[in-house]
Each structure stands twice: as C-alpha cells, then as structure tokens.
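Protein sequence lines, in the order shown, are assigned to chains A, B, C and D.
Sequential numbering of the first sequence, starting at 0, is according to numbering that gives the first Met the number 0.
Sequential numbering of the second sequence, starting at 0, is according to numbering that gives the first Met the number 0.
Sequential numbering of the third sequence, starting at 0, is according to numbering that gives the first Met the number 0.
Sequential numbering of the fourth sequence, starting at 0, is according to numbering that gives the first Met the number 0.
Protein chains: 4
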Amino acid sequence: MVDVAIIGASGYTGGELIRFLLNHPEVEITDITSRKYDNIPLHKVHPNLRDTGLKFSNKKLNDINADIIFTATPHGASMKIVPELLDTGAKVIDLSGDYRFNDYNIYEKWYGFKHTGKIDAVYGLPEIHRKEIKKAKLVANPGCFTTGSILSAFPLSKAKMLNRCIFDSKSGVSGSGIKPTESSHYPNIGDNINPYKVTSHRHMPEIQQELGLFSDVKVSFTPHLVPVIRGILTTNHSFLKDEYNDIGSEEIRDIYLKQYKDEPFVKIMDEGEMPRLSSVRGSNYIHIGCFEIDETGRLVIVSAIDNLVKGASGQAIHNMNLLCGFDETEGLEAYGMHP
Amino acid sequence: MVDVAIIGASGYTGGELIRFLLNHPEVEITDITSRKYDNIPLHKVHPNLRDTGLKFSNKKLNDINADIIFTATPHGASMKIVPELLDTGAKVIDLSGDYRFNDYNIYEKWYGFKHTGKIDAVYGLPEIHRKEIKKAKLVANPGCFTTGSILSAFPLSKAKMLNRCIFDSKSGVSGSGIKPTESSHYPNIGDNINPYKVTSHRHMPEIQQELGLFSDVKVSFTPHLVPVIRGILTTNHSFLKDEYNDIGSEEIRDIYLKQYKDEPFVKIMDEGEMPRLSSVRGSNYIHIGCFEIDETGRLVIVSAIDNLVKGASGQAIHNMNLLCGFDETEGLEAYGMHP
Amino acid sequence: MVDVAIIGASGYTGGELIRFLLNHPEVEITDITSRKYDNIPLHKVHPNLRDTGLKFSNKKLNDINADIIFTATPHGASMKIVPELLDTGAKVIDLSGDYRFNDYNIYEKWYGFKHTGKIDAVYGLPEIHRKEIKKAKLVANPGCFTTGSILSAFPLSKAKMLNRCIFDSKSGVSGSGIKPTESSHYPNIGDNINPYKVTSHRHMPEIQQELGLFSDVKVSFTPHLVPVIRGILTTNHSFLKDEYNDIGSEEIRDIYLKQYKDEPFVKIMDEGEMPRLSSVRGSNYIHIGCFEIDETGRLVIVSAIDNLVKGASGQAIHNMNLLCGFDETEGLEAYGMHP
Amino acid sequence: MVDVAIIGASGYTGGELIRFLLNHPEVEITDITSRKYDNIPLHKVHPNLRDTGLKFSNKKLNDINADIIFTATPHGASMKIVPELLDTGAKVIDLSGDYRFNDYNIYEKWYGFKHTGKIDAVYGLPEIHRKEIKKAKLVANPGCFTTGSILSAFPLSKAKMLNRCIFDSKSGVSGSGIKPTESSHYPNIGDNINPYKVTSHRHMPEIQQELGLFSDVKVSFTPHLVPVIRGILTTNHSFLKDEYNDIGSEEIRDIYLKQYKDEPFVKIMDEGEMPRLSSVRGSNYIHIGCFEIDETGRLVIVSAIDNLVKGASGQAIHNMNLLCGFDETEGLEAYGMHP
C-alpha cells in the first residue's frame with residue numbers, strides 16, 4: 000500500500016485524481032490539501048465524491064507524510080513547493096507547467112516567471128519517456144493540448160519524416176479550470192467556437208520540445224474553446240518531407256500501429272473510423288486516426304483525449320503506476336463513456 | 000422622431016434594447032450609459048452591434064435629454080435614479096424589480112432593500128395593463144419568469160376558474176446576466192439541469208400579485224437553469240376549482256384564444272403543437288399551448304418566450320410603443336429564429 | 000465465474016451493460032447478440048469499447064448458454080423471447096417494459112400490445128424489492144423516469160404521508176435510444192426544452208403501481224427532453240396529507256435518511272445542496288435532496304440519476320449482483336463524473 | 000413589388016428565405032412549394048412563422064408566376080427544374096451546388112451526377128461577382144463553407160500573395176439539413192467534435208475555383224461538426240509566398256480593410272478582437288479577423304458566418320436585391336443575436 004497526497008486538490012485535476020485513486024487498489028489517500036477549503040468535506044467541492052471520509056486540510060508541507068505527492072497547483076506555485084516536498088523523501092508528480100521544459104529559459108520566456116526552484120525532472124509522457132519515468136524522483140506531467148498533439152505526430156517525427164505540423168485543437172471548457180471567467184461564461188461558450196492565443200499558447204514550445212527530440216519539425220498550434228465540457232480533439236495538418244510524396248494512407252497507419260502496439264492507452268482507429276470525444280470521455284485512452292492525404296500533399300491525423308484524464312490526472316496516475324512498479328493500467332481500467 | 004436613452008446599457012438587456020432600437024424607424028438613440036465603459040465604442044461590449052457610431056458615456060442624469068429613458072440598471076439601483084430621470088420630463092421604463100410591486104412592503108420583504116424612491120408606476124404587461132401603460136409616466140417592466148408564468152395562467156384567473164398553479168420554469172443562462180459566476184460556469188451548466196431558489200425566488204410574489212388581481216390563486220414557482228442561452232419554457236401545472244371537474248382541453252384552449260385574440264405577440268398553439276424555445280428565439284412572441292388534462296385533474300399549460308426579448312427588452316420596447324402611440328409591433332416584427 | 004449473455008446489445012443500454020460487465024470481476028460475457036450487426040466487432044457500434052475480443056452474433060436463443068441473460072430488447076419484443084430464455088435454465092433480467100406490471104391489463108392498455116408471454120416477474124427496484132429479487136428467476140428492470148420518480152417519493156408513500164405527487168422530469172436525449180429521430184435531431188434539441196407525452200407517458204402507471212403498494216397517492220407525470228446527453232433530473236412537487244401541515248424540511252429529510260441509510264447507491268443531500276446530473280453521470284448513484292416547503296404547502300424533492308446507469312444498465316447489474324449473491328456494488332464502484 | 004416563389008421551401012434554407020422575405024418591403028411571396036407538405040400551413044413545418052397566411056403547394060413549375068424564383072432544392076434536383084423555370088421568364092437563384100462550377104466536369108467528378116441541365120450561371124458571391132450578378136438570369140448561390148473560406152482568403156489571392164491555405168472549418172449541425180441522420184443525432188453531436196470528409200468535401204473545389212480566379216493557391220479543406228445549431232467558424236491557416244516573409248499583421252489587416260471597405264456585410268475585426276458565431280447569429284454579416292503570424296510563418300485568419308444566412312438564404316436575398324436593383328441591405332438589416 001502506497002500513501003498518496005494531493006496538494007491543491009480543490010480544482011478539476013485534483014477532483015479527477017481523487018476519483019481514480021479512490022478505486023485504485025494499491026494506494027491510500029492520506030492528504031488532500033486546499034488553503035481555501037481547510038476542514039471542509041471533499042463532496043462540498045467535488046459533489047460526485049461522497050461518503051469518502053476525506054476532508055481538505057491546510058497542512059504544512061513538511062507535515063505531509065506520503066510516498067507519492069501530486070502537486071495540482073498553478074503554474075508558478077509548484078516551483079515554490081516541489082523542492083521542499085522532495086526533501087520529505089516523497090516522489091513528486093507535478094501537474095503544472097513548471098518542470099516541463101528541459102531549457103528553463105524557454106519556460107521563463109513563455110510563462111513570464113523567473114523560475115526559482117530548478118530541479119531535474121522527467122517529462123511524464125510514458126509513450127516517449129517510460130524508462131526515465133520509472134527511475135524519476137520528479138515527474139513533470141504534460142499539458143493537455145501537448146499530449147494530444149505530440150502523440151498524433153510522434154511516430155512520424157521519430158521516423159524523421161515530418162517537415163511541418165499545424166495542430167488545430169478544439170478543447171472542452173473544463174480545461175480552463177474551476178473558476179468562473181469570461182471564457183467559461185455559458186452565453187459566451189454555448190453555440191459558439193472561440194479561438195484564443197492563436198499563435199501564442201504556452202503549449203506550443205512544449206510540443207516543439209518533444210517532437211524536436213527526434214527530428215526538426217516546424218510546429219504551429221492554435222487552440223479553440225468549444226461547447227464541450229471535457230475532451231480535446233486535435234486536427235493535425237501535417238506535411239511530410241519531399242521524399243515521402245508518394246506515401247499512402249495505409250503506410251502511415253502502419254507506422255502508428257507499430258509504434259504504439261504495446262501501449263496500453265493508445266488506440267489506432269481502423270480505416271474509416273474517426274476518433275471522437277465520447278469514445279474516450281472519462282477514460283485514459285487516446286484515440287488516433289484518419290491518416291488521409293489530400294491532393295496538395297497535406298496529411299491529416301486526428302487525436303481525441305479527455306483533457307482531464309489522459310490530458311492531466313489519468314496520465315499522472317499512469318506515471319505513479321510507473322514510479323511504483325504497479326501494473327500500468329491499475330486504477331485506470333475505465334472505458335470511455337459513449338454516448 | 001423620439002429621442003431615447005438607455006441607462007446601464009452594457010448588460011444583456013441593454014444590448015438587446017439597442018439591437019431592436021437601431022432598426023426602429025421612429026426613434027433615435029441619443030445616449031447609452033455605462034460607468035465601466037465610459038467612452039468605449041458599443042461593439043467592444045456587444046460585438047454584434049458594429050459600425051453604429053454609438054459609444055458608452057458616463058453622463059450625469061440631468062444632462063440626459065431624451066423623451067424615453069430605459070433604466071436597465073440592477074435591482075436597488077433603479078430606485079436611486081428613476082425619480083431624478085422623471086424630473087427631466089422624460090418617461091421612464093424601468094427593467095429592474097424596483098417598481099413592480101403595488102405594495103412596497105412586499106418589495107422590501109423579497110428584495111431585502113429599503114425602498115428609497117417610491118413613485119407610482121404601472122406594471123408593464125401590455126396584455127393585462129395596456130390602457131394604464133398608455134397614460135403612464137413610469138412603467139415597471141415585468142420579470143422574465145413572471146411574463147411567461149402570468150400569461151400562461153391569466154385567462155383562467157380572469158375567468159375565476161383557478162385554484163392553484165405550480166410553475167416549473169426552465170431558463171436559459173443569459174437570464175443570470177453578463178457577469179461570470181458559478182451559475183454561469185460552463186462545466187456547471189452544460190449537460191446539467193440546476194434547480195435554484197426552489198421555493199424562494201423573487202418572481203413568485205410578482206406572479207402572485209398579477210394573478211391575484213382577478214381571483215385568489217395559490218402560486219408555487221420553481222426555476223431551473225438549463226443548458227440553453229436564451230429562452231424560458233414554463234410548465235404550468237394547474238388545478239381548477241372543483242366546479243370545473245368536467246371541463247375539457249378544447250374549452251380551455253378556447254378561453255385562451257378568446258382572451259388573446261387581439262394580442263399581437265401572443266400565439267396559441269394548435270392542438271398537437273407544443274411551444275418550443277426555438278420558435279420564439281430572438282423575437283417578442285410568447286407561444287402558449289398544450290392544455291392537456293390528466294386523470295388526476297391536473298391541467299398542463301406550457302409557455303415559451305425569449306427571456307431577453309418578451310421577458311425583458313422586447314417587452315420594454317412594446318411598452319415604449321404604447322407610451323408613444325406608435326404601432327405596437329413597430330421595431331418588433333422579427334420572427335423567432337428556428338432552428 | 001458467472002456466464003452472462005446480452006440479447007439486443009447494439010443499443011445504448013446494451014453498450015452500458017457491456018461497459019460495466021467488462022470490468023466486473025465475477026462475470027464473463029459469453030454472448031452479445033444483434034440481428035443487424037451479426038459478426039461485427041463490438042467497437043464498430045460502441046466505439047469506446049475497443050480490443051475486447053467481443054463480436055455481435057445472431058445466435059439462436061436456445062444456443063445461448065449463460066447463467067444470467069440480459070434482454071435489452073424493445074418493448075413488445077422481450078415477451079416473445081423471455082419464456083424461451085428462461086427455459087434454458089438461465090435467470091433473466093429484462094430491460095423492457097414487458098414484465099414491469101403486476102396487472103397485465105395495465106400493460107396492455109398503456110403499451111397497446113396484447114401480452115403473449117405472461118410470466119411471474121419481480122420488479123427490479125432493489126430499494127423496494129431486494130428480498131424478492133434475490134429469489135427471482137425473472138427480474139423486470141424499472142424504467143428510467145420511474146426509478147428517479149419512485150425513489151424520490153417512496154419514503155413518504157411508505158409512511159402514508161402523501162396525498163399527491165407531480166413529477167416534472169427533465170431527461171437527456173440518450174433516453175430516446177440510438178436511432179436518429181425528429182426528437183433526437185440536434186437542431187430540435189440544442190438550446191431547446193421539449194415537453195412530450197405531457198399527460199400520457201407509459202412510465203406514469205409504473206410509478207403509480209410502486210407508490211401505490213404503500214398508500215394511495217395521486218400521481219401526475221410530465222417528461223421533457225433537455226439538451227443533455229445523459230441524466231434525468233426529476234422535480235417532484237409533492238403535497239402531503241392535511242395532518243402533516245406543520246411538518247418541517249428537516250423532519251422530511253430525516254425520513255429519507257432513515258429509509259435509505261443502508262442503501263449503497265442512494266445518497267441524501269445535505270441541507271443547502273442540490274442534486275445535479277454531473278454528480279451522478281456515468282455512475283449508479285441516485286442523489287436525492289432539496290426537501291423545501293413553500294408557503295402554499297408544496298414540498299419539493301429533487302432527484303438525479305444517469306438514465307442509462309441507475310435508470311437502466313447499472314440497475315440491471317445491481318439486480319444481477321443480488322441474483323448471484325455478489326457484493327451489491329461489485330462492478331459498480333465508479334463515482335459520478337463531475338464536471 | 001416583386002413576386003417571389005420558393006421551390007423546396009420545407010427545409011432550413013427555405014424557412015430562412017421566408018423568415019427574411021416576410022419582412023422585406025419590396026417583395027411578395029406568391030408560392031412556397033413542397034411535395035411532401037402540399038396544402039399544409041407554413042407553421043406546421045417552420046413553427047416560428049405563424050399567422051402568415053402561407054401554405055405549401057405542389058404547383059406545377061409552369062404554373063408558377065413569379066419574377067424571382069429561389070430553388071432550395073437538393074443537389075441534382077435543381078438541374079432538372081431550373082431550365083424550365085427560366086423559361087417562365089423568371090430569374091432564378093439556385094441554392095444547390097448544381098450551377099456553381101464554371102467547368103461542369105468538376106461538378107460531375109465531385110457530385111457524382113451527370114449534369115443534364117447545363118446553363119450559364121453567375122457564381123453568387125457579391126463581394127467577388129457583384130457586377131455580373133446584377134445582369135444575370137441564373138445565380139448559383141455559394142455553399143456555406145465556401146463563403147466563409149473564400150472571403151477569408153480572397154484579398155490575399157487577389158493580391159497574388161498566397162501560396163497555400165488550409166481551411167479548418169467548424170460547422171453547426173443545421174448545415175446537415177432538417178432530416179434526422181446519424182450525424183445530427185444529439186448523443187453523437189453533443190459534447191463532441193466530429194471531423195468528416197476530411198480530405199474529400201465538395202466545397203473544396205468550389206473554394207479552389209474562386210480563389211483560383213486571381214492566383215494559383217493550394218487549397219486544403221477539412222470540416223468538423225460541432226455542438227452548435229447555426230454558424231461556421233473557419234480557421235484559415237495560410238502561407239504566403241516567400242517574398243512576403245517580412246510582412247506584418249497590420250499590413251495584412253489593411254489589405255482586408257481596403258478590399259472590403261464598401262461591402263455592407265463584411266466586417267473586419269479590430270486588433271485584439273476575434274470573430275465569434277454569436278456576433279453574426281441570424282444575420283447576413285461575415286466577421287473576419289485575427290491576422291496573426293506565428294514564428295514558422297503561418298498566418299491565421301478567422302471568419303464567422305451564420306451558415307443558414309450569409310452561408311445560404313441571406314446571401315440569396317442579397318443576390319435578389321442585386322438582381323432587382325434594390326438597396327443591397329433591404330430586408331437584411333438584422334444584427335447578429337449575441338448572446
């Protein structure tokens with residue numbers, strides 16, 4: 000039995016961590032912290048999680064006694080607590096952007112913060128970094144958009160076939176968090192499609208970093224808020240290097256099938272099938288499909304994830320399973336909820 | 000040409016007033032005020048209303064020189080400005096709750112304010128108070144829920160046939176206003192139904208007042224927020240007095256047809272038709288239908304309105320047309336937008 | 000290990016049965032049948048359920064060799080196969096309306112069919128009929144609306160306190176099934192609220208039967224389609240017998256807490272909390288709350304369920320657990336998916 | 000007064016034509032035809048259009064006596080009636096795809112029909128073909144996706160600056176028509192994003208034809224169904240020719256401002272503003288904005304239209320106004336309906 004704590008448990012990713020961990024046979028939740036909801040029962044914030052006996056606390060960091068600590072804290076806040084948490088001897092899985100960049104200059108440029116808690120971390124995308132994750136002390140859990148984008152392009156970058164990718168992503172509103180804002184206001188979102196940070200979203204350099212590990216790919220990224228609660232569908236408009244002008248749809252699919260054949264959470268669609276948000280809703284799966292090529296040489300690959308699960312908390316638990324040597328799918332067996 | 004000003008024009012009802020008035024052939028908009036957006040062009044707040052030449056101003060009340068003034072100000076704010084606005088010689092149509100009650104004690108009980116600007120006003124529901132409205136100086140524009148509820152029951156109350164009504168209303172989120180809150184947060188509203196103020200909503204005593212003008216009716220009211228931008232559908236579960244035990248559906252419909260036969264904005268559904276929000280979306284119409292009676296004697300009447308139009312700004316313009324002696328439908332000819 | 004078959008597995012309730020059963024530790028799915036999709040892999044119809052190895056078949060009834068058979072067949076179709084299935088020695092849980100009525104005349108009146116396969120069945124609402132279900136051969140799984148309505152009123156009917164209930168239910172569109180129709184057409188449903196069968200829905204006599212087991216209650220029922228995929232929220236407007244005029248909200252809540260204290264899937268809301276669809280989405284829980292009483296003596300109780308789970312397939316598995324002597328919550332541990 | 004007939008008036012574009020024409024001061028609707036709804040009053044199909052006195056008829060083509068005839072008939076059906084309608088002396092505006100292609104071979108390739116009614120037509124996009132439209136006998140009204148795509152790229156193609164455009168379009172479900180199908184089924188669409196015909200949509204060659212009038216542009220097009228009733232938002236990912244590597248966002252916007260400065264229905268967003276569906280909902284406006292360029296040289300332009308208005312019926316009426324010499328905005332003055 001492994002003791003687990005969640006710092007900043009009152010947001011949506013905190014709620015999802017708890018939802019999965021409560022049914023995980025190998026862990027016990029010892030602490031869920033929140034400054035705002037100190038001493039308040041869990042279900043007052045996450046109304047789906049009733050009769051768990053859990054309460055939020057405002058414990059001091061060094062009073063937390065856990066084997067694994069999830070930090071579901073805002074960007075800029077994690078860096079201030081992760082070093083101290085690591086000092087307790089725990090392994091830490093950070094869900095913020097603070098430890099995702101190999102080059103801290105990129106972080107500081109895109110996040111606008113000075114980074115004050117630099118520590119070596121492993122980028123927690125198991126499909127690329129499984130080996131390093133198993134041995135890590137600090138895992139930087141990937142962003143939601145980045146997970147869907149990277150995995151839609153990784154096999155082709157690894158094969159050094161890619162020239163350029165344009166990721167046109169459509170995200171559910173839960174990605175903006177639990178706090179009401181203009182961009183979560185129902186009359187602004189319902190029956191609407193809202194592009195935002197069209198050329199300036201922080202997930203762009205993160206995608207660039209990971210695809211750039213294998214080959215030089217030009218990365219463009221544009222997110223849209225859509226009238227959906229959960230889920231990110233990414234339409235990846237890709238261009239291959241000139242030497243692959245004659246490649247066909249089936250050969251592309253084969254590359255994906257091969258790359259992901261042992262991955263428990265990656266599913267490659269059959270020909271004629273399309274990923275859809277409902278197929279992965281609530282689950283840790285990513286569906287990847289389409290692989291069509293048009294007359295101009297544009298290759299289209301589509302991926303679908305639940306932004307709060309494979310895009311955040313589910314992937315964090317996958318990382319925990321790797322850190323602890325559990326079966327990778329432990330606690331994450333739920334199928335998507337269609338319809 | 001009549002000069003019109005709108006106080007508090009940056010909210011949804013302000014935006015809708017302007018949308019209709021811009022195409023009204025008999026009026027000119029002279030002022031739209033907003034403290035927050037002083038000197039900002041209209042379309043920065045209402046992005047649908049471009050190239051109108053209008054800007055928000057923060058004019059002093061006595062600098063406003065208009066024939067008709069709409070006060071689209073919050074409850075409790077209207078009472079502080081309406082007396083002064085009337086002193087300019089203008090007629091005022093107030094969209095807040097401040098002047099809707101014949102008995103100010105009821106206002107003070109349900110709104111929790113001391114009323115500091117008491118003045119005689121006419122309740123601006125043309126289907127009941129047309130004559131008085133035409134001669135009024137101050138019109139209190141009805142609430143959104145109340146319009147849909149009262150008109151669904153008025154013919155039966157007038158006929159002294161009603162014993163009890165239970166209004167189960169389903170409202171779009173625009174009714175909560177332009178400011179983001181917990182109850183307009185997309186993840187709370189999407190795919191959800193949220194009952195609220197189940198037995199304590201302020202529109203209950205307003206319904207009671209108007210139905211009570213004709214006979215003694217027990218009024219219950221429960222609103223729900225539904226994943227809809229605009230519109231209120233009210234399911235009116237009614238019970239008639241015992242002597243009407245044998246009445247049939249068609250006789251009920253006939254009473255409605257007769258009562259509303261000259262009303263330009265009330266449409267009674269044919270047998271087998273049901274009011275729906277899309278039929279009235281964006282328009283000043285109210286659709287009323289159903290009239291079914293079940294084995295237990297419950298009579299069901301359903302009404303549908305656009306909460307921002309017939310439930311607010313459209314009705315306010317209808318009132319203006321009455322005040323100014325214009326054709327009642329002037330500027331309000333738009334049909335509902337289905338689908 | 001118990002062998003399980005599902006007849007008519009290509010609809011939504013079939014999909015949900017499989018989703019839960021695949022992760023149920025005590026059962027093995029031996030057959031999923033569909034005439035239309037004979038020999039087609041499961042995920043072609045239920046795209047969330049991939050790599051299960053399951054295929055639809057069009058097996059003859061007497062070739063089905065299972066301990067438990069779920070019939071997820073249409074009303075009128077179940078009666079034609081259930082007798083034969085029982086003859087195989089299996090226990091049957093029927094999800095249609097065919098076996099829900101103690102009095103077959105009521106069935107024939109409301110469903111418009113002659114019943115040609117009459118057999119003794121137990122009404123499968125564990126909170127009322129747990130004991131009988133355990134010993135049953137044939138369980139008639141309740142309707143979706145009926146589950147949410149009955150459980151919102153059962154404690155008061157049992158206490159013989161109720162005079163009348165008006166159930167105003169708001170249902171997600173998945174309740175209409177997997178086949179596209181006018182009433183599942185997005186432009187008809189989105190941004191709309193559609194009342195239907197306002198006084199003539201078949202679930203009314205079912206509610207009447209169950210509440211009538213304990214006392215004489217007048218039952219009215221009106222369903223509405225709302226722009227939601229899953230979930231039924233029921234606003235139960237109740238009137239108590241005259242002798243309970245002075246009862247308070249807390250006493251009512253206490254009656255519910257007592258009645259349901261050992262029920263694994265019924266959760267009674269705290270004061271100030273309201274059931275919401277997202278709290279139970281994808282789970283077998285029913286949330287019941289509100290208990291407010293207005294000035295006219297109307298008591299409001301609100302319940303929320305997932306129509307496909309507690310309202311259909313989850314409850315069917317709960318019944319299977321009872322039939323098989325498993326832990327009642329086996330396979331049904333999933334929490335609701337909020338947001 | 001101009002007499003107007005609508006052939007095939009029972010679909011969504013038929014309904015929208017009637018909605019606008021009823022309030023158009025210069026026209027009278029003489030016939031609305033429908034085989035299916037012969038002799039049925041208008042509001043039985045379009046429930047928003049009540050008390051108009053209009054009924055569907057199944058008149059023979061040569062009994063139709065109108066100055067302007069709109070054919071809102073399916074692809075492949077228009078070609079069978081347009082020649083005969085022109086013979087009556089009327090001018091025809093066809094809303095199908097049958098007359099949109101200068102080269103009938105392209106039509107036959109993409110639509111899979113043999114064209115049996117070839118006649119010279121003008122492509123009815125006023126912003127490009129205003130002069131020819133005014134003199135036309137037959138106007139081919141553009142497709143919905145094509146309108147939003149072409150107008151987002153036309154100024155740059157005209158300036159011969161474009162190398163490639165990737166149009167990633169997000170469309171409301173009303174674009175699929177009034178008939179229920181798998182792809183309008185609420186549980187498939189709600190909370191989902193559905194890419195379709197990712198590299199094979201018929202609107203691609205139409206975009207290609209129009210942009211190709213001015214310069215050689217590589218065109219890629221991918222549509223998505225989104226949980227929205229009305230509206231198409233197009234994210235146009237563009238690449239300029241190499242010589243424009245140093246161009247800035249403002250210069251691009253200036254090109255659009257100049258091109259469209261006299262266009263009554265094209266609005267160019269200010270810097271920092273983004274087109275949104277609600278801004279144009281129900282109106283004939285197109286909003287175009289964004290103009291951001293990312294590090295890789297990708298230029299992003301975003302357009303928003305109402306697919307049923309600027310994307311179909313509104314544009315058809317604009318074409319009628321041009322044909323008849325009316326003011327271009329006559330009958331189309333409605334602002335978008337935000338929220």
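All C-beta atoms in this analysis are idealised placements derived from N, C-alpha and C, irrespective of residue type, glycine included.
Worksheet item: DSSP puts Arg297/A in a beta bridge; with which residues?
Response: Phe238/A
Discussion item. Suppose you measure from the CA of Gly171/B to the CA of Tyr195/A; what does that come to, to the nearest Å?
Written reply: 25 Å
Worksheet item: Can you find at least 3 beta carbon pairs, one from the region 309 to 316 of chain D and one from the region 200 to 217 of chain A, that sit closer than 8 Å?
Response: no
Item to complete: Would you list the residues sitting across from Thr233/D in a DSSP beta bridge?
Response: Ser168/D, Ser302/D
Item to complete: Check the Cβ of Thr180/C against every Cβ in chain D and list those closer than 8 Å, keeping chain order.
Response: Pro179
Worksheet item: Quick one: what does DSSP say Ser33/A is sitting in, helix, strand or coil?
Response: coil
Worksheet item: So, is the C-beta of Ser173/C closer than 8 Å to a C-beta in chain D?
Response: yes
Practice prompt. Give the residues of chain D in contact with His236/A, contact being defined as C-beta atoms less than 9 Å apart.
Written response: Ile165, Asp167, Ser219, Thr221, His236
Worksheet item: According to the neighbour-count rule (16 or more other Cβ atoms, all chains shown, within 10 Å of its Cβ), is Asp50/B buried or exposed?
Response: exposed
Worksheet entry | Residues, ordered as in the chain, of the region 181 to 205 of chain B that lie near chain A by beta-carbon distance below 8 Å | Glu181, Ser183, His184, Tyr185, Pro186, Ile188, Gly189, Asp190
Worksheet item: Cβ of Ile68/C less than 8 Å from any chain D Cβ?
Response: no
Practice prompt. Below 8 Å on the Cβ atoms is my guess for Arg201/D versus Asn306/D; work out the distance and round it to an integer in Å.
Written response: The pair is not a contact, with the Cβ atoms about 15 Å apart (cut-off 8 Å).
Worksheet item: Name the DSSP bridge partner or partners of Gly288/D?
Response: Val301/D
Practice prompt. Please report how far the alpha carbon of Asp241/D lies from the alpha carbon of Leu161/D, in whole angstroms.
Written response: 9 Å
Fill in: Test: Ile287/B CB closer than 8 Å to a CB of chain C
no
Item to complete: Note down, in chain order, each residue of its chain lying with its Cβ closer than 6 Å to the Cβ of Pro226/D, except the 5 sequence neighbours on either side.
Response: Ile188, Gly189
Worksheet entry | Interface residues of chain C facing Tyr11/A [CB-CB closer than 7 Å] | Pro338
Worksheet entry | At least 3 beta-carbon pairs within less than 8 Å: the region 64 to 72 of chain A vs the region 36 to 45 of chain A | no
Practice prompt. Out of Ser182/D, Trp109/D, Tyr98/D, point me to the one whose CA is closest to Lys117/D's CA.
Written response: Tyr98/D
Fill in: Reduced DSSP category for Pro194/C - H, G, I as helix; E, B as strand; rest coil
strand
Worksheet entry | Same chain only: Cβ atoms within 6 Å of Asp167/A, ignoring 5 sequence neighbours per side | Thr221, Thr234
Worksheet entry | Ala8/C - containing beta strand (DSSP E), residue span | Looking at the DSSP string, Ala8/C is not in any beta strand (DSSP E), and its letter there is neither H nor E.
Worksheet item: If we call anything under 8 Å between Cβ atoms a contact, is Tyr122/C one with Pro141/C?
Response: yes
Item to complete: Name, please, each residue of chain B whose Cβ falls closer than 8 Å to the Cβ of Pro226/A.
Response: Tyr185, Gly189
Discussion item. Is Gly281/B close to chain D? Criterion is C-beta to C-beta, closer than 8 Å.
Written reply: yes
Worksheet entry | Neighbourhood of Pro263/D by C-beta distance below 7 Å, restricted to the same chain and skipping five residues each side | Glu327, Thr328
Fill in: N- and C-terminal bounds of the alpha helix (DSSP H) containing Pro141/D
Where Pro141/D is concerned, there is no enclosing alpha helix (DSSP H), given that its DSSP letter is neither H nor E.
Discussion item. Please state whether the Cβ-Cβ distance between His337/A and Asn283/A is less than 8 Å.
Written reply: no
Worksheet entry | Own chain, CB closer than 7 Å to Asn191/C, minus 5 neighbours either side, in chain order | Pro226
Discussion item. Less than 8 Å between CB atoms is the rule here; does Ser277/B satisfy it with respect to chain C?
Written reply: yes
Worksheet item: DSSP on Asp102/A, reduced to helix/strand/coil?
Response: coil
Practice prompt. Return the first residue and the last residue of the alpha helix (DSSP H) that Val218/D is part of.
Written response: Where Val218/D is concerned, there is no enclosing alpha helix (DSSP H), although the beta strand (DSSP E) it sits in stretches over 217 to 224.
Worksheet item: Out of Ser183/B, Thr295/B, Leu212/B, which has the shortest C-alpha to C-alpha gap to Asp215/C?
Response: Thr295/B
Discussion item. In whole angstroms, give me the CA-to-CA distance for Leu210/C and Leu239/C.
Written reply: 14 Å
Discussion item. How far does the beta strand (DSSP E) with Ile265/C in it extend, from its first residue to its last?
Written reply: Note that residue 265/C is Val in the sequence shown here, rather than Ile. Counting along the chain, the beta strand (DSSP E) containing Val265/C begins and ends at 265 to 267.
Discussion item. Could you compute how far the alpha carbon of Val265/B sits from the alpha carbon of Lys178/B?
Written reply: 31 Å
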